[in-house]
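Here the structure is laid out as C-alpha cells; the discussion comes afterwards.
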Amino acid sequence: MNTKRAIVPLAILTLTATLAHAQSNKTIMVQHDEGTTKAPVQPKRVIVLDEESLELALALGFDIIGLGSGRLAPTDVSGTRINFEALKQGFLARRDLTGVTYTGNWTAPNLETILALKPELILRSTWNGNTGYDKLSAIAPTLSFNQNKPDFWKTSLRETAKVFGQQDKAEQIIQNVALEHQKNKDKLQQAGIFKKYPKAVVLSPFPSGEVYLYTGDRVANIAWELGFKDGYPRGTKVDPGGWQVISQEALLQITPDTLVINVPWGDGNAFSKSSVGQRLKDRTITYQMEPFSPWTGPLVDQKVSRDLTSSILKQF
1 MNTKRAIVPL AILTLTATLA HAQSNKTIMV QHDEGTTKAP VQPKRVIVLD EESLELALAL
61 GFDIIGLGSG RLAPTDVSGT RINFEALKQG FLARRDLTGV TYTGNWTAPN LETILALKPE
121 LILRSTWNGN TGYDKLSAIA PTLSFNQNKP DFWKTSLRET AKVFGQQDKA EQIIQNVALE
181 HQKNKDKLQQ AGIFKKYPKA VVLSPFPSGE VYLYTGDRVA NIAWELGFKD GYPRGTKVDP
241 GGWQVISQEA LLQITPDTLV INVPWGDGNA FSKSSVGQRL KDRTITYQME PFSPWTGPLV
301 DQKVSRDLTS SILKQF
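Read in order, the letters of the sequence shown are residues 1 to 316 in full-length UniProt numbering.
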C-alpha cells in the first residue's frame, strides 16, 4: 500500500471536516422585530413557520426541514405531513417539499414537533404581534419579522441573507423586483391606462357579504408600485393594519377615474353580481392570488406585478 497516497486524502478529509465544524460554530448577530439574536452561520436545520418565511428560503435558496402555515386547511395535512395534493398547488409547488415536516398553524405552532426536529434556526413573520416568541427562542435562535412594518420583506430578506452569506444576492433580488415594477409601469403608461384610470382601489369581497378595502401589502402595494394613485372614497381613514371593512355607501363614492381591482376571498365572487358590483363592473378587473401564496415578498411581488399588468392591458 502506498502510505503517502493514503495520507493525502485523509488529510484533506480531516481538514474539510474541521472547516465544516468551524463553520457550524460561527455565529452572527441579526436584528429583527423581537430584538437582536445570535444566529448560526449557514445553518442546515431551518424551520419556517409561515409562507412569508418560506419565500425567504425560496428566494435565497436555503433548505428547510419544517414548515408552518397560515393558509393550509386541516384537510390539507395529515399529522405532520402536508398532503401531496396541496404540495402540487400554487406557491407550494415552487419547490419539492415532500420531505418537510408540518409544524402547525403559524400563530400556534406545535412546539413538541419543532423541538423534535432539533432546528438550528427558526424563521417566522408576525401579524399584529403573534405571541410565543420566548418559547420558540428557547428551542433555537428565532428571527421574527412584523408584516405590518414598512419594507417588511426587504428587511427580512436582508437580515436573513446575512445568516447565509447571501447579502449580494439579496440586493440583486430587491433590484430585480424594482426593475420588474418599472417595466410593467412603462407598459401601462405606453398603453394610456393612467389617462383613463390614474387611481385604483383594491377590494376583497368575502363570502359573508362584507367587502374589505386593502391599503397595505395585499395587492395594493403593487398597484402603487405600478404607478396608480390611491382612489379611496372621500373621508376614508386608512387602518394602519392595511385592510378594513368598507361600506356599501363608500363603495358608491368611488370615482369614475378609479380602477377597481377585485381580489375575492374564497367564494367572494358574488360581489360582481351585486348592485354595487354591477355599477363598478366596467372598470373592474378580478385578480386571484395563487393558492397558498404569501401576500407579499420578492417572488410574489414580481408575479403579481406581471399578472396584474397583463390583466389590465387585456381588459382595457
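Glycine included, C-beta positions come from ideal geometry on N, C-alpha and C. On a predicted model such as this, the values are computed, not experimentally measured, just so you know.
DSSP state of residue i mapped onto helix, strand, coil
{"i": "I65", "result": "coil"}
{"i": "F292", "result": "coil"}
{"i": "N146", "result": "strand"}
{"i": "Q31", "result": "strand"}
{"i": "W224", "result": "helix"}
{"i": "V263", "result": "coil"}
{"i": "K199", "result": "strand"}
{"i": "D96", "result": "coil"}
{"i": "D76", "result": "helix"}
{"i": "M47", "result": "Inspection of the sequence shows that residue 47 is occupied by Ile rather than by Met. Strand at I47."}
{"i": "S53", "result": "helix"}
Buried versus exposed, by CB contacts within 10 Å (16 or more), residue i
{"i": "F62", "result": "buried"}
{"i": "Q23", "result": "Here the model assigns Q23 a pLDDT of 48, short of 50, so the residue's position is not dependable, and the following value carries that caveat. Q23 is exposed by the Cβ-count criterion."}
{"i": "L252", "result": "exposed"}
{"i": "S208", "result": "exposed"}
{"i": "residue 365", "result": "Any question about residue 365 goes unanswered here, given that the chain covers just 1 to 316."}
{"i": "W33", "result": "Reading off the sequence, residue 33 comes out as Asp, not Trp. Per the 10 Å Cβ criterion, buried."}
{"i": "T75", "result": "exposed"}
{"i": "A223", "result": "buried"}
Extent of the continuous alpha helix (DSSP H) to which residue i belongs
{"i": "L280", "result": "S275 to L280"}
{"i": "W153", "result": "F152 to V163"}
{"i": "N130", "result": "Per DSSP, N130 belongs to no alpha helix (DSSP H) and is neither H nor E."}
{"i": "T113", "result": "L111 to A116"}
{"i": "V211", "result": "Unbroken run through V211 is the beta strand (DSSP E), V211 to Y214; no alpha helix (DSSP H)."}
{"i": "N105", "result": "Per DSSP, N105 belongs to no alpha helix (DSSP H); it is in the beta strand (DSSP E), T101 to N105."}
Assumed close pair residue i, residue j - CB separation to whole angstroms, cut-off 8 Å
{"i": "residue 338", "j": "V201", "result": "This structure leaves residue 338 out entirely; the chain is present only between 1 and 316."}
{"i": "A170", "j": "L157", "result": "5 Å"}
{"i": "F164", "j": "L60", "result": "6 Å"}
N-terminal and C-terminal residue of the beta strand (DSSP E) that residue i is part of
{"i": "R306", "result": "Where R306 is concerned, there is no enclosing beta strand (DSSP E), although the alpha helix (DSSP H) it sits in stretches over P298 to Q315."}
{"i": "S125", "result": "L121 to T126"}
{"i": "N83", "result": "Neither: N83 is in no beta strand (DSSP E) and is coded neither H nor E."}
{"i": "I285", "result": "T284 to T286"}
{"i": "Q42", "result": "Looking at the DSSP string, Q42 is not in any beta strand (DSSP E), and its letter there is neither H nor E."}
{"i": "Q244", "result": "W243 to V245"}
6 Å Cβ shell around residue i - same chain, five flanking residues per side excluded
{"i": "P294", "result": "E51, E52, E55 and V300"}
{"i": "V211", "result": "L203, P205 and I246"}
{"i": "N130", "result": "T107"}
{"i": "G66", "result": "I47, T101, T103 and L117"}
{"i": "K4", "result": "For K4, the pLDDT reaches just 45, beneath the cut-off of 50, and the residue's location in the model is therefore unreliable, leaving the point undetermined."}
{"i": "L49", "result": "G68, W106, P109 and R124"}
Check: residue i C-beta below 6 Å from any heavy atom of the ligand MN
{"i": "I173", "result": "The ligand MN is not part of this structure, which contains no ligands at all."}
Contact with chain D by residue i, beta-carbon distance below 7 Å
{"i": "D134", "result": "Of the protein chains in the structure, only one exists, and it is not chain D."}
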